[in-house]
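4 protein chains.
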Amino acid sequence: MHAGTPLSTAPARGVINGGAHRYPLRVYYEDTDAGGIVYYANYLKFAERARTEMMHLLEAGYAEGVTSGEIAFAVRRCEVDYLAPASLNDVLEVRTTISQTRGASMNGHQTVYRGDEELVRLEVGMACLNRDGCPARIPNDLKNAIQSRTSPSS
Amino acid sequence: MHAGTPLSTAPARGVINGGAHRYPLRVYYEDTDAGGIVYYANYLKFAERARTEMMHLLEAGYAEGVTSGEIAFAVRRCEVDYLAPASLNDVLEVRTTISQTRGASMNGHQTVYRGDEELVRLEVGMACLNRDGCPARIPNDLKNAIQSRTSPSS
Amino acid sequence: MHAGTPLSTAPARGVINGGAHRYPLRVYYEDTDAGGIVYYANYLKFAERARTEMMHLLEAGYAEGVTSGEIAFAVRRCEVDYLAPASLNDVLEVRTTISQTRGASMNGHQTVYRGDEELVRLEVGMACLNRDGCPARIPNDLKNAIQSRTSPSS
Amino acid sequence: MHAGTPLSTAPARGVINGGAHRYPLRVYYEDTDAGGIVYYANYLKFAERARTEMMHLLEAGYAEGVTSGEIAFAVRRCEVDYLAPASLNDVLEVRTTISQTRGASMNGHQTVYRGDEELVRLEVGMACLNRDGCPARIPNDLKNAIQSRTSPSS
């Protein structure tokens, strides 16, 4: 093992198909609590990882808004329904669709699956902010990519 | 400094008055993110700390349900509104009221304040579970304590 | 419950006596993992909370270096020995002494206790940085406070 | 998007080659702090994720000790050197080798890279425990797999 070796693999970015982004992850010790299941706040981390990777995929080949740090989506509201618990070593998948896109905000629907089983559902309202933390328009290229690839009608 | 010295101080458990539990905390590096503010999932940690301390206070002198681990309250649903961000070193207060108590579940309303300013509001639906993770009745002593001390009408 | 009420209580800052800072905390669900005990990385959070509160206490009445954000101590190295595990609801105490202070760096010794029992020992090497992340001299007032109040010989 | 669709992708498990396990990850908001860099405790999470995936790879086709939860490796000691910080969106790689294997314990060396740059080095001492948390022998199949595939001499 020596420095200089190129990175052998890339992090899981998930895939976009059927109008949704699908992001896989495994449950590690850090995610669980003494109840033996995933701690309730950590699903919000899973959801944010999935949204980040979705943005990286959507922005590939376009002006890089989120990827470059020019803009960021801040969560203004979220509703979380916990249907069933996940456990250590489970392989989960976060499926994300953007249900509504407006000038400077959007709403997303995210579901955490284990196989076919829905474990957690999130409705997330997000505001687009510039580097100063002020509301900013969602760049057109990104908005088009969202609407054509990760919306229910796409 | 040597072992054998009794613990000098107790963790902040907050106080119950005016029908609400009030729990103070400071924002540390671990709570913040690269945006310079508290990471959105961490407010759920703050809220759970506050609920835990409230239960410890309510159970003092009664049969110890949550404190002893006989029962636990699992979050089934939460709605979170992010009104304004908190920053490193801020001193915050989580105020908790239980808006509804049923046989084996209850709803709570929690607000995170910085001084007079509301930063985050949470509506939390919780189920009472026994050691096996099955639904369990909220012990009467605890239910009475909740209704008489941490409900809007109390 | 209404806005406008002053904060009822302050977070636990711990106390300084006998040459050490003593910081109390309770173990919450967020701190534990599926093994039923505190997750190993989380002791580093506890240790950093304690160091932060120690700095706030030491700086009270002096030029506020860490408190105001002018300087920060970045951990360059830490050694952690896990002697015994902590569990949900345990009340712990982090005891911190600064074993060596140099111009722009210092070494600390931190122990996490449950009652008289040592659970985790940390040796932490820290560098003092300015707002730009460059090495900075530890302000004299702070250095004097550290040496007179939280050093083994104090 | 509908339930019933098989999981499209698997989490990144990394690869084993040249006597080391290599695990890729991206830095998300949850990993960073208000200093704009990865919070120091979170590298211990990265390291544990990498060790977990390494065990899953090593156990594939053998008796499943860690994977099935029969045994677990508890960290008894770790030394962490922070050489350079990682930032939001960085792609990192954790490289893990097991430097020494004994009957019921082992030592690992882990380095977090960004490209060719070493950011953090960890030396980790681990004890093998059974389901009751008591010391247990490392299963022979696993021990052989470790020594032949993830040791410096392999």
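From first to last, the protein sequence lines stand for chains H, G, V and X.
Under my numbering, the first residue of the first sequence is numbered 952, with each subsequent residue one higher.
Under my numbering, the first residue of the second sequence is numbered 952, with each subsequent residue one higher.
Under my numbering, the first residue of the third sequence is numbered 952, with each subsequent residue one higher.
Under my numbering, the first residue of the fourth sequence is numbered 952, with each subsequent residue one higher.
Just so you know, even glycine gets a beta-carbon here, dropped at the ideal spot from N, CA and C.
Here the structure is a predicted model, which means the values were calculated and not measured.
The beta-carbon separation of VAL966 of chain H and LEU1039 of chain H, rounded to 25 Å, does not stay under the 8 Å limit for a contact.
With a threshold of 16 other beta carbon atoms within 10 Å, ARG1082 of chain H falls short and is exposed. Between the alpha carbons of MET1006 of chain V and ASP982 of chain G lies a distance of about 18 Å. For ALA998 of chain V, the closest alpha carbon among the candidates V:THR1062, V:GLY1066 and V:ASP1032 is that of V:THR1062. Taking 9 Å as the cut-off between beta carbons, the residues of the stretch 1023-1041 of chain H near chain X are ALA1023, LEU1039 and ASN1040, in sequence order. Taking the Cα positions, ASP1092 of chain H is about 27 Å away from ASP984 of chain G. In the three-state reduction of the DSSP assignment, ILE1097 of chain V falls in the helix class, which pools H, G and I. Interface annotation for the stretch 989-1006 of chain G against chain X: TYR990 and ALA992, criterion Cβ-Cβ distance under 8 Å. Taking 3 residues as the shortest admissible run, the stretch 1024-1082 of chain V contains the following complete beta strand (DSSP E) segments, listed from N- to C-terminal end: 1042-1052, 1056-1065 and 1068-1080. Under the three-state reduction of DSSP, ARG1002 of chain H is assigned to helix. In terms of beta-carbon proximity, GLY1020 of chain V stays away from the interface with chain H, with every pair separated by 8 Å or more. Ranked by Cα distance from SER1056 of chain G, the options G:GLU1044, G:GLY1076 and G:SER1019 are led by G:GLY1076. Taking 8 Å as the threshold, the shortest C-beta distance from GLY1016 of chain H to chain V does not fall below it.
According to the DSSP assignment, ARG964 of chain H belongs to no beta strand (DSSP E), since it is labelled neither H nor E. For GLY986 of chain V, a Cβ of chain X is located within less than 8 Å of the residue's own Cβ. Restricting attention to H:SER1104, H:ILE1089, H:GLY969 and H:ALA1096, the CA atom closest to the CA of ALA1023 of chain H is found in H:ILE1089. Nearest in C-alpha terms to PRO975 of chain X, of all of X:LEU1073, X:ALA1035 and X:ARG1000, is X:ARG1000. Taking GLY1020 of chain G as the centre and dropping the five residues before and after it, the same chain places the C-beta of ARG1082 closer than 8 Å to its C-beta, in chain order. Check the Cα spacing between GLU1030 of chain G and each of G:ALA992, G:ALA971 and G:CYS1079: the tightest is with G:ALA992.
Under the three-state reduction of DSSP, TYR974 of chain X is assigned to strand. From the beta-carbon of GLU1074 of chain X, no residue of chain H is found nearer than 9 Å; the closest lies around 15 Å away. THR983 of chain X belongs to the set of residues whose beta carbon lies under 8 Å from a beta carbon in chain G. Of the candidates X:ARG1072, X:GLU1010, X:GLU1004 and X:GLN1051, the residue whose Cα lies closest to the Cα of ALA1096 of chain X is X:GLU1010.
Taking C-beta separations shorter than 7 Å and ignoring five residues to either side along the sequence, the partners of ARG964 of chain H in its chain run GLU1004, HIS1007 and LEU1008, following chain order. Contact annotation: TYR1033 of chain V and ARG1028 of chain X have beta-carbon atoms nearer than 8 Å.
About 7 Å separates the CB atoms of GLY986 of chain V and TYR980 of chain H; that is less than 8 Å, so the two are in contact.
For ARG1065 of chain X, same chain residues with a beta-carbon under 7 Å away, outside a window of 5 residues either side, are ALA1037, ASP1041 and LEU1043 in chain order. Counting every other CB atom within 10 Å of its CB across the protein chains shown gives GLY1054 of chain V a total below 16, marking it as exposed. Check the Cα spacing between ILE1049 of chain G and each of G:PRO1086, G:VAL989 and G:SER1104: the tightest is with G:SER1104. Ranked by how close their Cα comes to the Cα of ARG973 of chain G, the residues G:ILE988, G:THR1047, G:ARG1100 and G:GLY1059 have G:THR1047 in first place.
Secondary-structure assignment with DSSP links VAL989 of chain X through a beta bridge to X:THR983. Contact note: TYR980 of chain X reaches chain G through ASP984, ALA985, GLY986 and TYR990, using a C-beta cutoff of 8 Å and chain order. Annotation: LYS1094 of chain V to LEU1070 of chain X spans about 29 Å, alpha carbon to alpha carbon.
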